[in-house]
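*Asks:* These protein sequence lines are chains A and B, in that order. Going by my numbering, the first residue of the first sequence is number -11, and it counts up by one from there. Going by my numbering, the first residue of the second sequence is number 190, and it counts up by one from there. The following block contains the structure, expressed as structure tokens.
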Amino acid sequence: MELLPQAIVDGLLIGGIYITIAIGFSLAYGVMHIIDFAVGEWIMLGAFLGFYLHKGTGIDPFILLPVVFLVFFGVGYIFQPLIHRVLSGKRGNPVLMGLVFTFGLALMFRGIALTAFGFYTHSIPAKFFQGSLFFQFGNFFVTIPMIRLAGLIYALSITAILHYLLKNTDFGLAVRALAQHKESAGLMGVNAKKTGSYVYGIYVGISAMTGVIIGSIFSINAQMGADYTVFAFFVVVLAGMGYLAGVPWAAFLLGLVQSFFLIYLSPSYTLLAVFGILYVILLISPKGLFAKGV
Amino acid sequence: MHRKILIFGVIFVIALATIPLLVHDTFYLRVITEAIMWIGLAITWDVIAGYTGYLNFGHGAFFGIGAYTTAILMMRAHWPFGLALIAGGLASGLTAAFIGAPTLRLRGAYFAIATWALARALQQLALVLNFTGGPDGMRLPPFLNPEFFFYAMLTVVVITFAGLWILLEFAPFGLKLKAIREDEAGAMALGLNPTSLKIQSFVLSALPTGIIGGVYAYWITYIDPASVLGDLVTDQAVVMAVFGGLGTLVGPAIGAVLLFAFKTYFWAYLSDYQVLYLIILGAVIALSVVFLPDGLWGTILKYKSSKSPMPLRNDTGETK
Chain A
-11 MELLPQAIVD
-1 GLLIGGIYIT
9 IAIGFSLAYG
19 VMHIIDFAVG
29 EWIMLGAFLG
39 FYLHKGTGID
49 PFILLPVVFL
59 VFFGVGYIFQ
69 PLIHRVLSGK
79 RGNPVLMGLV
89 FTFGLALMFR
99 GIALTAFGFY
109 THSIPAKFFQ
119 GSLFFQFGNF
129 FVTIPMIRLA
139 GLIYALSITA
149 ILHYLLKNTD
159 FGLAVRALAQ
169 HKESAGLMGV
179 NAKKTGSYVY
189 GIYVGISAMT
199 GVIIGSIFSI
209 NAQMGADYTV
219 FAFFVVVLAG
229 MGYLAGVPWA
239 AFLLGLVQSF
249 FLIYLSPSYT
259 LLAVFGILYV
269 ILLISPKGLF
279 AKGV
Chain B
190 MHRKILIFGV
200 IFVIALATIP
210 LLVHDTFYLR
220 VITEAIMWIG
230 LAITWDVIAG
240 YTGYLNFGHG
250 AFFGIGAYTT
260 AILMMRAHWP
270 FGLALIAGGL
280 ASGLTAAFIG
290 APTLRLRGAY
300 FAIATWALAR
310 ALQQLALVLN
320 FTGGPDGMRL
330 PPFLNPEFFF
340 YAMLTVVVIT
350 FAGLWILLEF
360 APFGLKLKAI
370 REDEAGAMAL
380 GLNPTSLKIQ
390 SFVLSALPTG
400 IIGGVYAYWI
410 TYIDPASVLG
420 DLVTDQAVVM
430 AVFGGLGTLV
440 GPAIGAVLLF
450 AFKTYFWAYL
460 SDYQVLYLII
470 LGAVIALSVV
480 FLPDGLWGTI
490 LKYKSSKSPM
500 PLRNDTGETK
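Structure, rendered in structure tokens:
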């Protein structure tokens, strides 16, 4: 029982990171109906850009976030027309084509990263957030590492910014219109191609920034992508694919599942539980916990 | 036309069967055996994905179930290989029937993610269970006879190929599956029973995969969750089928041979550049999706029908 508050706090702190892993992915699915197998690889590439920028300049990784975002926004913006081409046109099975295409991209990125960065594991030290907060209430002890708290705050602020962007700007209106009905949005003057490019750029940018955060909380290596793809899929399916408001709850749930398995059961059962829950949720309610997916 | 295909097929199989008489190098025989195995995996995946239109991203699970069932029955219950092999195929087929009923209700991306999650869950299960040997995997009694395994694999794959060819290309069953792929509600309106047909096609895809897995387990003599239940089996089968051409049987077979030959060449002669293999494979997949969406064989078929003086009916039934 003494560990219960710690388990909950750990779960929430980890869950915050899962929000930013999944929220861009969910946005891209909602607008473009692409299931991006490369989501983990974007995270990995962003992490390495952050690592080398930090190594080269010595600037704190949290200050480098906007740079990483801008670079990968550009990369996503350039890649989107290709994906648009794969998903549209006279192709029998756009879902499969999208999956296979991004799977190919994922393999390619992993190969390039292994060639360029090697097999070593690195971490990105953040000087601003060191040490940890320590609380004690009677018998209960809770430790909150500053860096994880910073990660949670980062995730919540990204979520807030995205929320503002989608609900209060013309661009957000266009994105929501595209997600609701592509043809009608086109008739109302929304440029699907251009808006799609921005959305994909935002998604890739957020994923890359999250990679930097992951690098300063945990560690990074060229093969880390696949794990985060799993987590992104889990959160997005649980939330309902394309339903952004569900993402934070699903992400916190994943964080809690992980921390409870880590503390109370054996960690080797964690992935079994993650995949088992994912499968059962899909069978019971394919549109997610809130039945609001597309 | 049918007779021509039959004669060509028989000659081709006889030619394949003479390979061990000509090739005495164990390495090449092993490579050819594995190429035949990948043909089997690619065409069985194509049954559910290409013909029925349901993207199974957990095909490797059936391979692993067959491999593990065969291994466990041979090692723990001391069954003979033949019986254990059949049991492995049945276990795969039964699993497909059992999980197919709830899972095949999902469509498109949801089905793809569900099967993927289930396959990964099975892999994790094999890692934590005791009777599967956990992460250490299982060792089978070594039986070092490359010719035996060549013929075993050839027999299984040829029977699978012929059976699928008859069911999918001659019998109305193939048309029924294609009807579901094109329009499930429309197929139901025509009096078909999509649920039952989908489960049949799922079992048809899983059963031979399990048998191939069983042969693989006894041939390699060592299996562990990463090698037979990991993502790689599914991924490669998918890539081979897509590269060759979905919705045909010849296409995935061609894709399997080409990609496997490429992979072997890389691993055998350019092993210092193994990472480069990932890059090239990824690039080939991405480029073929963009520029060859019908796959190699699909593109050739299209080209042939556009050159033909008589309007030929293509796969989707439109006249060109």
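Cβ atoms here follow ideal geometry from the backbone N, Cα and C, with glycine treated the same way.
Using only CA atoms, which one of LEU270(A), PRO(-7)(A), LEU271(A), GLY243(A) lies nearest to GLN124(A)?
*Replies:* PRO(-7)(A)
*Asks:* Identify whether GLN118(A) lies in helix, strand or coil by the three-state DSSP scheme.
*Replies:* coil
*Asks:* Is the separation between the beta-carbon of LEU353(B) and that of VAL202(B) shorter than 8 Å?
*Replies:* no
*Asks:* Do we get a CB-CB distance below 8 Å when we pair VAL225(A) with the residues of chain B?
*Replies:* For VAL225(A), the answer is yes, since a Cβ of chain B falls inside 8 Å of its Cβ.
*Asks:* When you compare the CB of LEU329(B) with every CB in chain A, is at least one pair closer than 8 Å?
*Replies:* no
*Asks:* Could you check whether the Cβ of GLY297(B) sits closer than 8 Å to any Cβ belonging to chain A?
*Replies:* Taking CB atoms only, GLY297(B) has a neighbour in chain A less than 8 Å away.
*Asks:* If you draw a straight line from the alpha carbon of ILE208(B) to that of LEU262(B), how long is it in whole angstroms?
*Replies:* ILE208(B) and LEU262(B): Cα-Cα distance of roughly 31 Å.
*Asks:* In this structure, does DSSP put ARG296(B) in helix, strand or coil?
*Replies:* coil
*Asks:* Taking CB distances under 8 Å as the criterion, tell me whether ALA303(B) reaches chain A.
*Replies:* yes
*Asks:* Going by alpha carbons, who is nearest to ALA426(B) out of GLY239(B), LEU205(B), GLU373(B)?
*Replies:* The residue with the shortest Cα to Cα distance from ALA426(B) is GLY239(B).
*Asks:* Round the Cβ separation of ILE135(A) and ILE31(A) to the nearest angstrom and send it over; I've been treating them as touching at under 8 Å.
*Replies:* Their Cβ separation, rounded to whole angstroms, is 17 Å, which puts ILE135(A) and ILE31(A) out of contact at 8 Å.
*Asks:* Anything in chain B within Cβ reach of ASN81(A), meaning under 8 Å, just list it in chain order.
*Replies:* Simply GLY242, LEU244, LEU435.
*Asks:* Take every Cβ of the segment 116 to 131 of chain A, pair it with every Cβ of the segment 85 to 103 of chain A, and state whether three or more of those distances are shorter than 8 Å.
*Replies:* no
*Asks:* Can you list, in chain order, the stretches of the alpha helix (DSSP H) that have 4 or more residues and sit fully within the segment 148 to 180 of chain A?
*Replies:* 158 to 168, 170 to 175
*Asks:* Report the residue from GLY402(B), ILE388(B), GLY434(B) whose alpha carbon sits nearest the alpha carbon of GLY419(B).
*Replies:* For GLY419(B), the nearest C-alpha among the options comes from GLY402(B).
*Asks:* Is it the case that the Cβ atoms of ARG441(B) and ALA280(B) are separated by a distance below 8 Å?
*Replies:* For the sequence presented, residue 441(B) should be read as Pro rather than Arg. Contact: no.
*Asks:* From ALA266(B) to GLY277(B), what does the alpha carbon distance come to, in whole angstroms?
*Replies:* Whole-angstrom Cα-Cα distance: 13 Å.
*Asks:* ALA415(B) touches chain A at which residues, Cβ-Cβ below 7 Å?
*Replies:* Correct list: empty, because the minimum Cβ distance to chain A is about 12 Å.
*Asks:* Return the chain-ordered list of same chain residues with a C-beta closer than 8 Å to the C-beta of TYR114(A), the five sequence neighbours on each side being excluded.
*Replies:* The sequence given here places Ala at residue 114(A); Tyr does not occur at that position. Answer for ALA114(A): ASP48, PRO49, PHE50, ILE135, ALA138, SER204, listed in chain order.
*Asks:* Thinking just about the alpha-carbon of each residue, which of ALA290(B), PHE216(B), ALA303(B) is nearest to the one in LEU226(A)?
*Replies:* ALA303(B)
*Asks:* Which chain E residues sit within Cβ distance under 8 Å of PRO291(B)?
*Replies:* The displayed structure is made up of protein chains A and B, and chain E is not among them.
*Asks:* Answer yes or no: do THR259(B) and TYR407(B) have a C-beta to C-beta separation smaller than 8 Å?
*Replies:* Contact annotation: THR259(B) and TYR407(B) have beta-carbon atoms nearer than 8 Å.
*Asks:* So, at 8 Å on beta carbons, what are the nonlocal neighbours of VAL519(B) in its own chain, with the 5 sequence-adjacent residues on each side left out?
*Replies:* One cannot answer for residue 519(B) here, as it falls past the ends of chain B, which runs 190 to 509.
*Asks:* Which stretch, first to last residue, makes up the alpha helix (DSSP H) that contains PHE60(A)?
*Replies:* 49 to 75 is the span of the alpha helix (DSSP H), which, as asked, contains PHE60(A).
*Asks:* Can we say the segment 170 to 185 of chain A touches the segment 62 to 69 of chain A, given the rule of at least three CB pairs closer than 8 Å?
*Replies:* Short answer: they touch.
*Asks:* Entirely within the segment 270 to 322 of chain B and at least 4 residues each: give me those alpha helix (DSSP H) ranges in chain order.
*Replies:* 270 to 292, 297 to 317
*Asks:* Taking 8 Å as the threshold (beta carbon to beta carbon), is ASN503(B) in contact with chain A?
*Replies:* Summary for ASN503(B): the model assigns pLDDT 49, below 50, so the residue's position carries little reliability; its value from the coordinates is reported in the next sentence. Chain A, which has no Cβ nearer than 8 Å to the Cβ of ASN503(B), makes this no.
*Asks:* With a threshold of 6 Å on Cβ separation, who are the neighbours of ALA196(A) within its own chain once the five nearest residues in sequence on each side are excluded?
*Replies:* TRP30, GLY34, VAL56, PHE60
*Asks:* Would a check of beta-carbon distances place GLY264(A) closer than 8 Å to chain B?
*Replies:* yes
*Asks:* In whole angstroms, what separates the C-alpha of PRO500(B) from that of GLU371(B)?
*Replies:* The predicted model places PRO500(B) with a pLDDT of 49, which falls under 50 and marks its position as unreliable; any figure quoted below should be read in that light. About 22 Å.
*Asks:* Within its chain, find whatever has a CB closer than 7 Å to the CB of ALA290(B); leave out the 5 residues flanking it on each side and keep chain order.
*Replies:* ILE388
*Asks:* Would you give the residue range spanned by the beta strand (DSSP E) that THR131(A) belongs to?
*Replies:* Start and end: 128 to 133.
*Asks:* DSSP on GLN124(A), reduced to helix/strand/coil?
*Replies:* If DSSP states are grouped into helix, strand and coil, GLN124(A) belongs with the strands.
*Asks:* State buried or exposed for MET176(A), treating a residue as buried only when at least 16 other CB atoms are found within 10 Å of its CB.
*Replies:* The residue is exposed, with fewer than 16 neighbouring Cβ atoms inside 10 Å.
*Asks:* Buried or exposed, going by whether 16 or more other CB atoms sit within 10 Å of the CB of THR222(B)?
*Replies:* buried
*Asks:* For the segment 332 to 393 of chain B, which segments carrying the alpha helix (DSSP H) assignment without a break, of at least 4 residues, lie completely within its bounds, in sequence order?
*Replies:* 335 to 354, 361 to 371, 373 to 378
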